[in-house]
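These notes are about the structure you will find just below.
Protein chains: 2
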Amino acid sequence: MAQAIPFRQASPLKASCHQCSLSNLCLPLAIEENDLDRLEDIVQQGRIFNRGEHIFDQSTPYRSCFAVKSGSIKTSIITEGGEEQVTGFFMPGELVGLDSIGSENYACTAKALERTSVCEFPVDKLEELTGKLPELQHHMYHLMSQEIQNSHQLAMLLSKNTAEERIAALLLSLSSRFQRRRMSATNFSLPMARNDIANFLGLAVETVSRVFTRFQNQGIIKARGREVELLDVEALQLVTREFSRQSHP
Amino acid sequence: MAQAIPFRQASPLKASCHQCSLSNLCLPLAIEENDLDRLEDIVQQGRIFNRGEHIFDQSTPYRSCFAVKSGSIKTSIITEGGEEQVTGFFMPGELVGLDSIGSENYACTAKALERTSVCEFPVDKLEELTGKLPELQHHMYHLMSQEIQNSHQLAMLLSKNTAEERIAALLLSLSSRFQRRRMSATNFSLPMARNDIANFLGLAVETVSRVFTRFQNQGIIKARGREVELLDVEALQLVTREFSRQSHP
DNA sequence: GTACATAGTTGATATGGATCAAATCGGACG
DNA sequence: CGTCCGATTTGATCCATATCAACTATGTAC
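These protein sequences, in sequence, are chains A and B. Converting from the first sequence to this note's numbering requires adding 9 to each position, the first position being numbered 1. Converting from the second sequence to this note's numbering requires adding 9 to each position, the first position being numbered 1.
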């Protein structure tokens with residue numbers, strides 16, 4: 010491993026968005042090459058969290074949003090009663106904490122689902138920078154509106170779709186997100202437990218489990234634990250659209 | 010009415026955020042008095058829509074977001090199959106279209122629920138302005154994150170709460186939004202049809218109707234058509250919290 | 001004022017998924 | 001290698017809400 014150590018050891022924590030393999034997914038994608046330094050100046054890179062550790066906690070003062078570098082994160086909100094609602098899963102290249110920007114406190118809790126490394130963007134500096142770089146500001150608006158749309162899609166899924174449709178949609182969403190990272194779209198391992206899937210999709214764990222085995226029996230997927238193989242993507246897509254088809258044939 | 014006509018008749022469409030009674034709810038609240046002119050310069054004020062008319066349509070090019078001046082608006086997304094999902098209701102002082110800022114096209118359709126007047130903010134000019142006014146930019150981030158949080162709350166409501174809890178939550182939300190506008194918190198008329206409520210909350214119309222009459226029989230509300238009176242706000246609040254209480258007494 | 005259409009209510013029945021219960025798997029750790 | 005504890009699966013039963021059906025109220029056009 011010795012040869013992997015970079016020459017510039019003087020500033021090991023200095024971010025290097027330039028070399029990051031995720032720069033085409035993450036914030037840098039919005040920025041001109043020569044403005045990238047300004048983003049690097051405000052990023053704190055390379056913080057590592059072990060499975061189960063909190064990146065930030067609901068109701069604590071908002072400081073930063075985070076880009077996932079490797080690993081994965083789940084966010085959830087906790088009601089007064091202690092009930093948990095998983096609001097999202099975040100994979101490399103995705104930004105966590107947008108739901109609280111501009112607020113005093115974090116609106117949710119972010120937890121590492123596995124060993125995860127993140128890049129931290131202090132919000133005060135980020136806002137300052139977006140004020141100077143219109144493309145970056147535009148991209149932030151875009152990311153945030155995307156987040157709203159995602160959440161609306163989730164609400165739709167929850168209010169109108171069956172258990173099978175919800176799970177098919179989740180599998181396809183994960184699939185396309187793996188694909189964006191040039192990984193297999195049909196062969197991946199779920200970063201989250203069945204419990205988290207159930208909570209996120211508004212189902213009981215038992216139902217999630219049953220649907221997985223039903224899909225398996227139908228030859229649509231193969232699943233052993235968290236390892237999943239999508240055997241028939243078209244069938245999955247059909248499941249997610251079945252609902253809308255039935256109503257308007 | 011003659012005496013109500015302003016002196017400066019030369020520019021009747023010139024916005025006057027300065028005088029607007031909603032300025033403490035709407036975008037102006039984020040801006041210093043002396044920067045307000047710059048906001049007024051980009052606003053197009055006073056467009057009127059009749060009940061049922063579309064303010065904008067899903068999948069058409071994104072141009073502007075809108076502040077409700079009077080009346081009310083519902084937003085919804087339509088699936089490929091033609092199925093509708095109501096994603097929100099917007100009342101005076103609230104901003105519509107944040108879910109698409111930074112996108113090419115509108116992500117939803119906005120429809121006037123009654124005769125409604127709006128102020129239009131062309132997005133290119135708005136982005137330009139937020140680049141110059143940090144407080145305004147901050148406020149935009151805040152509004153958008155608020156929208157994400159709202160949607161997460163909705164998702165939670167849909168995935169974890171009973172019909173009664175959902176409807177109680179909606180009534181309380183409307184109540185507090187009327188109150189912000191210095192209107193009665195207990196006596197108001199619903200801007201939307203039962204159908205829209207049902208769709209928004211992921212219920213059947215029949216269920217909504219039944220819950221309304223159940224609440225009425227319990228003496229919690231009085232409802233005749235769209236006219237609603239909240240007789241026992243605490244009872245309503247209790248209903249929304251009942252769920253969380255049961256799980257963690 | 002009458003008629004038709006749309007919105008809302010009420011009743012009867014069916015069902016998808018929750019819940020309860022129990023068995024099995026899997027991985028961390030001594 | 002065996003033990004233990006949480007995660008997952010499987011089975012049996014129940015219930016909240018959807019669905020189907022019919023009726024009533026409201027409002028709008030003529």
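Ideal Cβ placement from N, Cα and C applies to all residues, glycine included. Quick caveat: nothing in here was measured; it's all calculated off a predicted structure.
Inset, instruction - Could you name the residues that DSSP lists as bridge partners for A/His63? - result: In the first sequence, residue 63 of chain A corresponds to position 54, counting from 1. Its beta-bridge partners are A/Lys120.
Legend entry - Identified DSSP bridge partners for B/Val237: Residue numbering aside, residue 237 of chain B sits at position 228 when the second sequence is read from its first letter. According to DSSP, which records beta bridges pairwise, B/Val237 is partnered with B/Phe197, B/Ala232.
Inset, instruction - Grab me the residues of B/Gly211's own chain with a C-beta within less than 8 Å of its C-beta, minus the 5 sequence neighbours each way, in chain order. - result: Reading the second sequence from its first residue, position 202 is the one you call residue 211 of chain B. Same-chain partners within the cutoff: Leu167, Arg175.
Inset, instruction - Identify whether B/Ser185 lies in helix, strand or coil by the three-state DSSP scheme. - result: Counting from one through the second sequence, the residue named residue 185 of chain B turns up at place 176. It is helical.
Inset, instruction - My understanding is that A/Val132 touches A/Ala76, with C-beta atoms under 8 Å, so please give their C-beta distance in whole angstroms. - result: Against the first sequence, residue 132 of chain A aligns to sequence position 123. Against the first sequence, residue 76 of chain A aligns to sequence position 67. No, A/Val132 and A/Ala76 are not in contact; Cβ-Cβ is about 13 Å, not under 8 Å.
Legend entry - Local conformation of B/Glu49 per DSSP, three classes: In the second sequence, residue 49 of chain B corresponds to position 40, counting from 1. If DSSP states are grouped into helix, strand and coil, B/Glu49 belongs with the helices.
Legend entry - B/Ile86 beta carbon less than 8 Å from that of A/His161: As a working note, residue 161 of chain A is residue 152 in the first sequence. As a working note, residue 86 of chain B is residue 77 in the second sequence. Yes, the Cβ-Cβ distance between A/His161 and B/Ile86 is below 8 Å.
Inset, instruction - Tell whether a beta-carbon distance below 8 Å holds between A/Thr249 and A/Ala178. - result: Walking along the first sequence from the start, residue 249 of chain A turns up at place 240. Walking along the first sequence from the start, residue 178 of chain A turns up at place 169. Yes, the pair counts as a contact, with Cβ atoms nearer than the cut-off.
Inset, instruction - Below 8 Å CB to CB, which residues in the same chain sit around B/Leu34 once its five sequence neighbours on both sides are set aside? - result: As a working mapping, residue 34 of chain B is identified with position 25 in the second sequence. Correct list, in chain order: Pro101, Gly102, Glu103, Arg189, Arg190.
Legend entry - Contact check, A/Val242 vs A/Ala172, beta carbons under 8 Å: Position 233 of the first sequence holds residue 242 of chain A. Position 163 of the first sequence holds residue 172 of chain A. Cβ distance not < 8 Å, so A/Val242 and A/Ala172 don't count as in contact.
Inset, instruction - Check the Cβ-Cβ distances between A/Leu163 and every residue of chain B, and say whether any is below 8 Å. - result: Start at 1 with the first residue of the first sequence, and residue 163 of chain A comes out as number 154. Flagged as an interface residue toward chain B: A/Leu163, by a C-beta distance shorter than 8 Å.
Inset, instruction - Give a yes or no on whether 8 Å exceeds the smallest Cβ distance from A/Met153 to chain B. - result: Position 144 of the first sequence, counting from 1, holds the residue named residue 153 of chain A. Yes, A/Met153 counts as interfacial toward chain B.
Legend entry - Contact list for A/Leu31 against chain B, beta-carbon separation under 7 Å: Here the question's residue 31 of chain A lines up with position 22 in the first sequence. Within chain B, no residue has its beta carbon less than 7 Å from that of A/Leu31; the closest one is some 20 Å off.
Legend entry - Proximal residues of chain A, C-beta to C-beta of B/His147 below 7 Å: Taking the second sequence and counting its residues from 1, one reaches residue 147 of chain B at position 138. Against B/His147, the close residues of chain A are Gly111, Glu136, in the order they occur along the chain (beta-carbon pairs closer than 7 Å).
Inset, instruction - With a 10 Å radius around its C-beta and 16 neighbouring C-beta atoms as the bar for buried, classify B/Lys78 as buried or exposed. - result: On the second sequence, position 69 is the one that residue 78 of chain B refers to. Around the beta carbon of B/Lys78, a 10 Å sphere encloses 16 or more other beta carbons of the protein chains shown; the residue is thus reported as buried.
Legend entry - Sub-8 Å separation of A/Ile82 and A/Ala121 beta-carbons: As a position in the first sequence, residue 82 of chain A is number 73, starting the count at 1. As a position in the first sequence, residue 121 of chain A is number 112, starting the count at 1. Yes, Cβ-Cβ distance for A/Ile82 and A/Ala121 is below 8 Å.
Legend entry - Contact set between A/Tyr3 and chain B, taken where Cβ atoms lie within less than 8 Å: The displayed coordinates of chain A run from 10 to 258. Any statement about residue 3 of chain A would go beyond what the structure contains.
Inset, instruction - Report the neighbours of A/Thr5 on chain B: residues whose CB is nearer than 7 Å to its CB, in chain order. - result: Here chain A has residues from 10 to 258 only, and residue 5 of chain A is not among them.
Inset, instruction - Can you say whether B/Ala213 is buried or exposed, counting buried as having 16 or more other CB atoms within 10 angstroms of its CB? - result: Sequence index remark: in the second sequence, residue 213 of chain B carries index 204 (1-based). So B/Ala213 ends up on the exposed side.
Inset, instruction - Verify whether the separation of the beta carbon atoms of B/Met51 and B/Leu138 is less than 8 Å. - result: Numbered from 1 along the second sequence, position 42 holds the residue referred to as residue 51 of chain B. Numbered from 1 along the second sequence, position 129 holds the residue referred to as residue 138 of chain B. First, the residue type needs correcting, since residue 51 of chain B is Ile and not Met in the sequence shown. Their beta carbons are under 8 Å apart, which means B/Ile51 touches B/Leu138 by this criterion.
Inset, instruction - Within the same chain, show all residues whose beta-carbon is closer than 7 Å to that of A/Glu113, passing over the 5 residues directly before and after it, in chain order. - result: By 1-based counting over the first sequence, the position of residue 113 of chain A is 104. Counting only Cβ-Cβ distances below 7 Å, and skipping sequence neighbours, we find Pro70, Tyr71.
Legend entry - Whole-angstrom distance between A/Gln94 and B/Cys117, CA atom to CA atom: Residue 117 of chain B sits at position 108 when you count from the first residue of the second sequence. Residue 94 of chain A sits at position 85 when you count from the first residue of the first sequence. So the alpha carbons of these two residues sit roughly 25 Å apart.
Inset, instruction - Under 7 Å Cβ to Cβ from A/Asp44, same chain only, skipping five residues before and after it: list those, please. - result: Within the first sequence, residue 44 of chain A is the residue found at index 35, counting from 1. Closer than 7 Å at the Cβ level, and outside the excluded window around A/Asp44, lie Leu142.
Inset, instruction - Put B/Arg56 into one of helix, strand or coil per three-state DSSP. - result: Reading the second sequence from its first residue, position 47 is the one you call residue 56 of chain B. B/Arg56 falls in the strand class under three-state DSSP.
Inset, instruction - Could you tell me whether the Cβ of A/Glu89 comes closer than 8 Å to any Cβ of chain B? - result: Reading the first sequence from its first residue, position 80 is the one you call residue 89 of chain A. Output row for A/Glu89: interface = yes.
Legend entry - Start and end residues, alpha helix (DSSP H) containing A/Gly140: Residue 140 of chain A sits at position 131 when you count from the first residue of the first sequence. It spans 132-141 - the alpha helix (DSSP H) in which A/Gly140 sits, taken as one unbroken run.
Inset, instruction - Would you mind telling me which residues of chain B sit closer than 8 Å to A/Arg250, beta carbon to beta carbon, in chain order? - result: Position 241 of the first sequence, counting from 1, holds the residue named residue 250 of chain A. Neighbours of A/Arg250 on chain B, chain order: Glu89, Gly90.
Inset, instruction - Take A/Asn196 and list the residues in its own chain whose beta-carbon comes closer than 6 Å to its own, dropping the five residues that flank it on each side. - result: Counted from its first residue, the first sequence places residue 196 of chain A at position 187. Excluding positions up to five away in sequence, the list reads Glu238.
Legend entry - 6 Å CB neighbourhood of B/Ala244 in its chain, flanking five on each side removed: What you label residue 244 of chain B is simply residue 235 of the second sequence in a count that begins at 1. Only Ile229 meet the Cβ criterion.
Legend entry - DSSP-derived helix/strand/coil call for B/Thr222: As a working mapping, residue 222 of chain B is identified with position 213 in the second sequence. In this structure, B/Thr222 counts as helix in the three-state DSSP scheme.
Inset, instruction - Check each candidate in B/Thr216, B/Arg56, B/Glu42 and name the one with the smallest Cα separation from B/Arg124. - result: Taking the second sequence and counting its residues from 1, the one referred to as residue 124 of chain B is at position 115. Among B/Thr216, B/Arg56, B/Glu42, the Cα nearest to that of B/Arg124 belongs to B/Arg56.
Legend entry - Same chain only: Cβ atoms within 8 Å of A/Leu31, ignoring 5 sequence neighbours per side: Reading the first sequence from its first residue, position 22 is the one you call residue 31 of chain A. Taken in chain order, the residues that qualify are Ala76, Lys78, Pro101, Gly102, Arg190.
Legend entry - Contact list for B/Gly140 against chain A, beta-carbon separation under 7 Å: To locate residue 140 of chain B, count along the second sequence from 1; it is residue 131. Those are Gly140, Pro143, Gln146, listed as they occur along chain A.
Legend entry - Opening and closing residue of the alpha helix (DSSP H) in which B/Ala202 lies: Residue 202 of chain B sits at position 193 when you count from the first residue of the second sequence. Careful: B/Ala202 lies outside any alpha helix (DSSP H) and carries neither H nor E.
Legend entry - Boundaries of the beta strand (DSSP E) in which A/Thr96 is found, first to last residue: As a working mapping, residue 96 of chain A is identified with position 87 in the first sequence. Run containing A/Thr96: 93-99, per the beta strand (DSSP E) assignment.
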